[in-house]
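Counted from 1, the sequence shown has number 425 at position 426 by numbering that gives the first Met the number 0; the numbering is strictly sequential.
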Amino acid sequence: MDVVIGLEVHVQLKTKSKIFCTCSAEYTKDVPPNTHICEVCTGQPGALPGFNRKVLEYGILLALATRGKINPVIRFERKNYFYPDLPKSYQISQYRAPLSLGGFIELKSGKKIRLERIHMEEDAGKLIHVAGETFIDFNRAGVPLLEIVTKPDISSPEEAVEFLMLLRETVRYLGISDGDMEEGSLRCDANISVKPEGQKELGTKVEIKNINSFKFVKRALEFEIERQAELLREGGKVVQETRLFNESKGITESMRTKEEAHDYRYFPDPDLVPIEITEDLIEEVKKGLVELPIEKYRRFIRDYGLTEERANILKSDLYLANFFEETVKKIGQPEKVANWLTVEITGISRELGIELKDSKLTPERFSSLLGLLFEGRISRAVAKKLLKRIYETGEDPLEIVEKEGLTQSEGGLEPMVQKILETHSEQVKQYCKGKEKLISFFIGQAMRETRGTADPVELKKLFEEKLKDACKSMD
Ligand SMILES: [Zn+2]
């Protein structure tokens, strides 16, 4: 079966104020309900909206980053429907003259997922259901959204997830949204249909609404593909409908069929004048463009010789990516630096529950620590211990190492290993005769010598190498 998927993604913009009034756009749990509201965002009769230009700038920025064609004149329209969280009974959105048309997001494979359009609109309020009662919080009403609609270019759940990840990274890189799916600042609806392999005509599409995590996007799509494919294999028909993903059961369930679909009766909002988007404005906004995540990913592989996996982890977070580059600028060794960042630092961050950007570790401290390690002045084990400590305290690694005498002898562990083998020639002979357990004896000697600061794994490797040579010369 061929799978055809199109996505509609809502991205909440992190402007200070709402899209059509000056209320604060903050609506987190810490904000008491219905405190960031006014007559505009609660739809009082006679209240007039005024447009927040910052929303336009953020929208243009994303349109430029995705190579969309920006409309020279845009307009807001009323999308009419009734719902308790929508006090005006219409949502101010865009329809016939949206912000931009076309553009694309390129996946790592080079495949381009084309965009249909990007438009601006307002968010609705929030219904809160508690013990059989329903409350409404309008703090979220009027928070600015960008809706990004793709063409049906996505052919698997994996591609859908990759697209969403890249979109999230892009809005974060641009600084226009938190892109947090679990927090609701990035929300996704998916249109999906399947058809027998090679068939030109598209199958009947089903819409899955409000999927709120990357994991659920994948699971909802996988379930839906299987459900539709099985229907077709058994000679049945897919019904055009809207479905919801039931997270606890891991299945999609019917919400409404086509007959119940809305006719939104869009018409231009008479309270908001059409907006001309000048070349000057576009040029001004263009200054905020940055290297895109996919470009950074390719550059990291090309210029630093990183593996795809490492480059992917580093590019997923702009702070991490910059941290990597600043460290490499100081001490080179991109592969080793990437390894320490993606393995050790990620581990420490998880263990302590402190993100790198909130830690005390700076690229200066990090590179000076790695410098000590690469020069062989401290062991790997000591470096690991110190890294965790500096991550929390921000101390200077050089000072700690000197003050606490953590350096190992000149030239690293090798001379010491050599010396231990020379002073224990009897044990070396026995080892060569097959008593391989003696390796622990040698490591033990070395650990005593270094007061436990050496890395046993490193020591084992060194001893094995040296012993191999020693045994050869005995033959
Ligand atoms: Zn307001």
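Virtual Cβ for every residue (Gly too), placed ideally from N, Cα, C.
| query | result |
| --- | --- |
| Is the beta carbon of A123 closer than 8 Å to that of L220? | no |
| Residue ranges of each beta strand (DSSP E) run of no fewer than 3 residues wholly in the segment 338-385, ordered along the chain? | none |
| Whole angstroms are fine: how far does the CA of E252 sit from the CA of F244? | 6 Å |
| Tell me which same chain residues have a C-beta within less than 7 Å of the C-beta of E343, skipping the five on either side of it? | K383, L386 |
| If you reduce the DSSP assignment to three classes, tell me which class K68 lands in. | strand |
| If L461 and V427 are in contact, beta carbons under 8 Å, what's the gap, nearest whole angstrom? | With a Cβ gap of about 14 Å, L461 and V427 do not count as contacting. |
| At a threshold of 7 Å, does Y17 count as lining ligand 1 (C-beta to nearest heavy atom)? | Here the sequence assigns Lys to residue 17, which means Tyr is not the residue at that position. It does: the Cβ of K17 is within 7 Å (strictly closer) of some heavy atom of ligand 1. |
| When you compare the CB positions of Y172 and V8, do they come within less than 8 Å of one another, or not? | no |
| Going by the C-beta, is V160 closer than 7 Å to any heavy atom of ligand 1? | no |
| If you drop the 5 nearest sequence neighbours on each side, which residues of the same chain put their C-beta closer than 7 Å to that of F365? | T326 |
| Can you tell me whether V35 is buried or exposed, with buried defined as 16 or more other CB within 10 angstroms of its CB? | Correcting the residue identity first, residue 35 is His in this sequence and not Val. Flag for H35 reads buried. |
| Can you say whether H118 is buried or exposed, counting buried as having 16 or more other CB atoms within 10 angstroms of its CB? | buried |
| Which residue comes first and which comes last in the alpha helix (DSSP H) that contains D179? | Unbroken run through D179: none, as it is neither H nor E. |
| Looking at the secondary structure, which residues open and close the alpha helix (DSSP H) in which E435 lies? | Element bounds for E435: n/a, residue is neither H nor E. |
| Report the residue ranges of all beta strand (DSSP E) runs contained in full by the segment 33-108; include only those spanning at least 3 residues, in chain order. | 76-79, 89-92, 103-105 |
| Ligand 1: which residues have Cβ under 5 Å from any of its heavy atoms, chain order? | C20, C22, C37, V39, C40 |
| Given G81, which residues of its chain have a CB within under 7 Å of its CB, disregarding the five upstream and five downstream residues? | The sequence shown places Phe at residue 81, not Gly. Cβ neighbours of F81 beyond the five flanking positions: S88. |
| Am I right that E121 and F266 are in contact with their C-beta atoms under 8 Å? What's the rounded C-beta distance? | About 16 Å; that fails the 8 Å criterion. |
| Runs of 3 residues minimum, wholly inside the segment 204-262: which ones carry the beta strand (DSSP E) assignment? | 205-210, 240-245, 250-256 |
| Do I18 and P97 have their beta-carbon atoms positioned less than 8 Å apart in this structure? | no |
| From the DSSP secondary-structure annotation, give me the bridge partner or partners of Q11. | L144 |
| Buried or exposed: which applies to N70, given that a residue is buried once 16 or more other Cβ atoms fall within 10 Å of its Cβ? | buried |
| Can you tell me whether D152 is buried or exposed? The criterion is at least 16 other CB atoms within 10 Å of its CB, across all chains shown. | buried |
| Would you mind reading off the limits of the beta strand (DSSP E) that contains V416? | No beta strand (DSSP E) contains V416, which is instead part of the alpha helix (DSSP H) from 413-422. |
| With burial defined as no fewer than 16 other Cβ atoms inside 10 Å of the residue's Cβ, what is the status of M180: buried or exposed? | buried |
| Count the other CB atoms, across all protein chains shown, that sit within 10 Å of the CB of L291; report buried if there are 16 or more and exposed otherwise. | buried |
| Which same chain residues end up closer than 7 Å to A320 when comparing Cβ atoms and leaving out the 5 residues on each side of it in sequence? | K295, L313, K314 |
| Check whether the Cβ atoms of A193 and D1 lie closer than 8 Å to each other. | Note on residue identity: the sequence assigns Val, not Ala, to residue 193. Cβ atoms of V193 and D1: closer than 8 Å. |
| For Y430, verify whether its CB is less than 7 Å away from any heavy atom of ligand 3. | Looking at this structure, you won't find ligand 3 anywhere; what it does contain is ligand 1. |
| For the alpha helix (DSSP H) containing E403, name the first residue and the last one. | Careful: E403 lies outside any alpha helix (DSSP H) and carries neither H nor E. |
| Do you know how far the Cα of L351 is from the Cα of N338? | 19 Å |
| May I ask which residues mark the beginning and end of the alpha helix (DSSP H) holding L475? | No statement about residue 475 is possible, as the shown extent of the chain runs from 0 to 474 and does not include it. |
| Taking one C-beta from the segment 234-249 and one from the segment 277-285 each time, how about it: are there three or more such pairs within less than 8 Å? | no |
| Nearest-angstrom Cα distance between R376 and K432? | 35 Å |
| Going by DSSP in three states, M0 sits in which element: helix, strand or coil? | coil |
| Give me, in chain order, the residues of the same chain whose beta-carbon lies closer than 7 Å to that of A62; leave out the 5 immediate sequence neighbours on both sides. | I69, L98, S99, G102, I117 |
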